[in-house]
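Here's the structure we're looking at; comments come further down.
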Amino acid sequence: MILIYLGCAVALFLGFRIYTNKYYNPYTLTLIYGKKGCGKSTVAQKYIYQHYKRGWHIYYNKGDSRFTKGEAIDASRLWEVEFKPHSLLIIDEVNLLWDNRQFKTFPKELGEWFRLQRHYKVKVILFSQTADADKKIRDLTDTVYLCKRYFEVLICCTPYTKEIIYREPQFAGDISGFIDHYRKLSFGPIGCRFCWLPKWVKYHDSFADLTNREEANTNDKSISPDRLDSSRNSRWVRSVLRNRKNGRQKAIVEKLRRKKY
Numbered sequence: 303m304i305l306i307y308l309g310c311a312v313a314l315f316l317g318f319r320i321y322t323n324k325y326y327n328p329y330t331l332t333l334i335y336g337k338k339g340c341g342k343s344t345v346a347q348k349y350i351y352q353h354y355k356r357g358w359h360i361y362y363n364k365g366d367s368r369f370t371k372g373e374a375i376d377a378s379r380l381w382e383v384e385f386k387p388h389s390l391l392i393i394d395e396v397n398l399l400w401d402n403r404q405f406k407t408f409p410k411e412l413g414e415w416f417r418l419q420r421h422y423k424v425k426v427i428l429f430s431q432t433a434d435a436d437k438k439i440r441d442l443t444d445t446v447y448l449c450k451r452y453f454e455v456l457i458c459c460t461p462y463t464k465e466i467i468y469r470e471p472q473f474a475g476d477i478s479g480f481i482d483h484y485r486k487l488s489f490g491p492i493g494c495r496f497c498w499l500p501k502w503v504k505y506h507d508s509f510a511d512l513t514n515r516e517e518a519n520t521n522d523k524s525i526s527p528d529r530l531d532s533s534r535n536s537r538w539v540r541s542v543l544r545n546r547k548n549g550r551q552k553a554i555v556e557k558l559r560r561k562k563y
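Oh and the sequence shown: position 125 is 427 in the numbering used here, straight run, nothing missing.
Right, dumping it as structure tokens:
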């Protein structure tokens, strides 16, 4: 008898999900927080791979060139990019692009784009180490995930949804008003997103293009010799260092020549 009731409940639930699925909006704005080294980039690669297999068009910031699938774009000027319908946009380390302390330089066109991104049929997933991304972006997020890594190999993302609630006065002289409130959507492990690190880490290297990402996000042209690796721009890096070395040698020769005469 219990099995019959359970089967009816499952059938009703599945029927309800199938009926309401046509009203589901897949083009959401998601923000994933997590300390450095917790596996955010691995989770990003998992999202890219899964959506690519489903036929989505993949875009990512040009500084995140370690991702192997998709098209690199200039994320600082999103409103100028012509996204194809049914697209996924991945932006890693979003706090380096749009810091909350630099809110005065936040482009108005960018804020309008994030407000209308679902109309462009673009799903956006942002990753950040801290909660210091621009407030205009944080206020528009549909879901926030807290990313943690357990036993070094299991990555768990706990979901939270933002709600606007009315806050009653708590004491005499207190001011009431509407505030943002984050409600947890999971019950224990139920509702969380998991990522098995050994399965997905082979698809990317977090350190392969670190120099390129820093240049794209900070416009810093300085190159350190200890960052030479097998990246795509290693030849260019070596040429820069070689030119610097030649320049220093020329300066030394010129200095000795002046002392001689």
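We treat Cβ as the ideally placed atom computed from N, Cα and C, and that holds for glycine.
Residues of the same chain with a CB within less than 6 Å of the CB of N363, apart from the 5 flanking positions on each side, are A377 and I393 in chain order.
A straight line joining the alpha-carbon of R469 with that of S478 spans about 5 Å.
Beta-bridge annotation (DSSP): T460 is paired with L448. Note on geometry: alpha-carbon atoms of V312 and K348 lie some 29 Å from one another. Nearest to N397 by C-alpha distance, out of S430, V424, P409 and E411, is S430. The C-alpha of V345 lies about 26 Å from the C-alpha of W381. Here the alpha carbon of L487 sits roughly 33 Å from the alpha carbon of I375. Nearest Cα to L391 within the set F473, Q419, L499 and I439: Q419.
In terms of CA proximity to Y326, K423 leads the group K423, Y484 and I481. DSSP places A374 in the uninterrupted beta strand (DSSP E) bounded by E373 to I375.
Sixteen is the threshold: since fewer than 16 other Cβ atoms of the shown chains lie within 10 Å of the Cβ of Y307, the residue is exposed.
Inside the stretch 314-390, DSSP marks whole beta strand (DSSP E) runs of 3 or more residues at positions 331-335, 359-363 and 373-375, from first to last along the chain. Exposure of A433 is indicated by the presence of fewer than 16 other C-beta atoms within 10 angstroms of its C-beta.
Counting the other Cβ atoms within 10 Å of the Cβ of C497 gives 16 or more, which makes it buried. The stretch 439-448 and the stretch 329-342 touch, with no fewer than 3 CB-CB distances between them shorter than 8 Å. For R485, no alpha helix (DSSP H) run applies; the uninterrupted beta strand (DSSP E) run containing it begins and ends at G479 to K486, by DSSP. In the DSSP assignment, V396 falls within the unbroken alpha helix (DSSP H) covering V396 to L399.
By the CB criterion at 8 Å, H359 and K386 fall inside the cutoff.
In the same chain as C494, and ignoring 5 residues on each side of it, the C-beta atoms closer than 8 Å to its own belong to C458, C459, T460, P461 and S488, in chain order. When rounded, the separation of the alpha-carbon atoms in K437 and C310 is 45 Å.
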